[in-house]
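Here is the structure we will look at.
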Amino acid sequence: MMQAYPAWANDELIAEAYELARLRTIMTGIPWQVDHIVPLNSDLVCGLHCEANLQVIPKAANLAKSNDWWPDMPDALATSLRFSEAPSLYLVSPRFANTVAARNI
1 MMQAYPAWAN
11 DELIAEAYEL
21 ARLRTIMTGI
31 PWQVDHIVPL
41 NSDLVCGLHC
51 EANLQVIPKA
61 ANLAKSNDWW
71 PDMPDALATS
81 LRFSEAPSLY
91 LVSPRFANTV
101 AARNI
């Protein structure tokens with residue numbers, strides 16, 4: 001994660017997000033986690049560990065999201081595809097082959 005940690009990141013705001021997740025867990029009895037909106041590690045994108053890329057969400061939602069989704073993903077997925085030898089064929093990572101974006105190409 002250190003490679004994804006920019007020098008300008010605000011440590012106080014990052015700590016506040018983790019504290020908010022802890023407090024929401026206590027108050028609701030439902031586990032909450034700090035999520036990286038744009039995943040730190042994905043086949044197509046690498047986000048930053050900074051306050052602008054954090055959100056506090058229920059743990060179940062974070063686990064379901066995994067690192068397979070981020071805002072504007074269909075656009076990012078579509079622009080990351082490469083043409084094969086035949087212009088009508090797209091090469092899609094098997095991991096994303098069943099996504100709505102891949103099926104609509």
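According to the UniProt record's numbering, the residues represented by the sequence shown are 1 to 105, in order.
Backbone N, C-alpha and C fix where the C-beta goes; we use that ideal spot for every residue, glycine too.
Residue i and residue j closer than 8 Å at C-beta
i, j, result
"residue 115", "LYS59", "Residue 115 falls outside the range modelled here, since the chain spans only 1 to 105, and no answer is possible."
"residue 147", "ILE57", "This structure gives no information on residue 147, because the portion of the chain shown stretches from 1 to 105."
"ALA17", "CYS50", "no"
"ASN62", "PRO39", "no"
Buried or exposed (CB count within 10 angstroms, at least 16 for buried), residue i
i, result
"ILE105", "Because the pLDDT of ILE105 is 38, which lies under 50, any placement of that residue in the model is unreliable, and the number read from its coordinates should be weighed accordingly. It is exposed - the Cβ of ILE105 has fewer than 16 other Cβ atoms within 10 Å."
For residue i, three-class secondary structure by DSSP
i, result
"ILE57", "strand"
"ASP11", "helix"
is_contact[residue i, chain B] using C-beta, thresh 8 Å
i, result
"GLY47", "The structure shown contains no chain B, having only a single protein chain."
Residue range of the unbroken beta strand (DSSP E) whose run includes residue i
i, result
"GLN3", "Segment: none, GLN3 is in no beta strand (DSSP E) and carries neither H nor E."
"VAL34", "32-36"
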